[in-house]
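Encoded as structure tokens, the structure appears first; notes follow it.
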Amino acid sequence: MFSTTTLLLLLGGYLLGSIPFGVVLTRLGGAGDLRQIGSGNIGATNVLRTGRKGLAAATLLLDGGKGAAAVLIAGAIQPDVALWAGGAAFLGHLYPVWLKFAGGKGVATMLGVSLAIWWPAGLAFALVWLAMLAVSRRSSVGGLSGAVAAPIAAAVGGQSDAVLVMLGMTLLVVWKHRGNIARLLDGTEPKVGSS
Numbered sequence: 009m010f011s012t013t014t015l016l017l018l019l020g021g022y023l024l025g026s027i028p029f030g031v032v033l034t035r036l037g038g039a040g041d042l043r044q045i046g047s048g049n050i051g052a053t054n055v056l057r058t059g060r061k062g063l064a065a066a067t068l069l070l071d072g073g074k075g076a077a078a079v080l081i082a083g084a085i086q087p088d089v090a091l092w093a094g095g096a097a098f099l100g101h102l103y104p105v106w107l108k109f110a111g112g113k114g115v116a117t118m119l120g121v122s123l124a125i126w127w128p129a130g131l132a133f134a135l136v137w138l139a140m141l142a143v144s145r146r147s148s149v150g151g152l153s154g155a156v157a158a159p160i161a162a163a164v165g166g167q168s169d170a171v172l173v174m175l176g177m178t179l180l181v182v183w184k185h186r187g188n189i190a191r192l193l194d195g196t197e198p199k200v201g202s203s
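In terms of our numbering, the sequence shown is residues 9 to 203.
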């Protein structure tokens with residue numbers, strides 16, 4: 009049976025993850041409704057399509073930060089819930105209540121959760137993400153590769169509990185990128201910086 013504290017931490021993690029920083033920042037920055045720009049996605053890659061690199065960087069940091077914060081806050085209150093609070097924040101980003109459950113693809117938020125759960129897995133995520141982005145110049149390739157790297161790193165490091173949560177997040181990242189994967193296979197996935 010879940011305690012009230014556990015339920016509140018999971019709900020709090022979900023609500024924190026639900027904050028659509030990309031949408032908020034582009035509106036505050038005068039760039040319009042992000043959902044009507046480019047791919048319509050609420051993440052940093054689509055914010056970059058507005059031409060506002062600073063807003064894109066802030067979105068990336070805040071989307072990652074909310075995932076890390078959910079883990080750290082829950083860990084300070086009830087350590088055995090920290091992993092699941094991070095997973096709840098990740099789900100909040102993918103399916104935010106504020107946007108009728110139409111959210112982002114979860115790459116930055118998964119990175120933040122991974123760093124807070126077990127930083128070597130988060131570091132592996134970040135390094136693989138950046139390396140594959142540099143090689144392919146496609147955001148989806150970098151994000152997908154990083155998401156796959158995290159649970160592998162956790163497994164190699166013997167972090168059995170973390171592997172379960174990270175693997176679940178990886179599968180959802182892949183699911184949310186199914187359109188990108190189809191475009192990669194047919195050669196139509198755009199490169200970063202292209203229109």
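All C-beta atoms, glycine included, are put in the ideal place defined by N, C-alpha and C.
Three-way DSSP call (helix, strand, coil) for residue i in this model
| i | result |
| --- | --- |
| K199 | coil |
| A39 | coil |
| I27 | coil |
| P104 | coil |
| I189 | helix |
| I54 | Sequence check: residue 54 is Asn here, not Ile. In the structure shown, N54 sits in a helix (DSSP, three-state: H, G or I). |
| S122 | helix |
| G46 | coil |
| F10 | coil |
Proximity to residue i [Cα-Cα], best of the options
| i | options | result |
| --- | --- | --- |
| L24 | R191, L70 and A190 | L70 |
| L36 | L192, L63 and S153 | L63 |
| F10 | Q86, A170, A65 and N49 | Q86 |
| Q167 | A155, P128, G46 and T13 | P128 |
| T117 | V136, A96 and G46 | A96 |
| S206 | R60, G73 and L175 | There is no way to answer for residue 206, as the model of the chain reaches only from 9 to 203. |
| Y22 | V136, R146, G187 and I81 | I81 |
| A90 | P104, L102, Y103 and G75 | G75 |
| V149 | D88, A190 and Q44 | A190 |
| S47 | A84, V136, A77 and K184 | K184 |
| E197 | V156, S147 and G40 | S147 |
| V173 | V55, A124 and V136 | A124 |
| S153 | A162, A77, G176 and V115 | V115 |
| W126 | W137, V164 and L138 | V164 |
| A77 | A155, L42 and F98 | F98 |
| D88 | Y103, P159, L180 and T13 | T13 |
Bounding residues of the alpha helix (DSSP H) (the contiguous stretch that carries residue i)
| i | result |
| --- | --- |
| S148 | S147 to V164 |
| P128 | W127 to S144 |
| K113 | Careful: K113 lies outside any alpha helix (DSSP H) and carries neither H nor E. |
| V171 | S168 to K184 |
| I85 | K61 to I85 |
Integer Cβ distance of residue i from residue j, believed to fall under 8 Å
| i | j | result |
| --- | --- | --- |
| K113 | G151 | 7 Å |
| V121 | G100 | Going by Cβ atoms, the distance from V121 to G100 rounds to 11 Å, so no, they are not a contact pair. |
| T39 | T58 | This sequence places Ala at residue 39; Thr is not what is there. About 4 Å separates the two Cβ atoms, so the contact holds. |
| G111 | L119 | The pair is not a contact, with the Cβ atoms about 16 Å apart (cut-off 8 Å). |
Flag this pair as touching only if the segment 26 to 33 and the segment 10 to 17 have three or more C-beta atom pairs under 8 Å; answer yes or no.
-> no
Below 8 Å, can you find three or more Cβ-Cβ pairs linking the segment 129 to 136 to the segment 46 to 58?
-> no
Validate contact between the segment 142 to 149 and the segment 159 to 174 using beta carbons, cut 8 Å, 3 pairs = no
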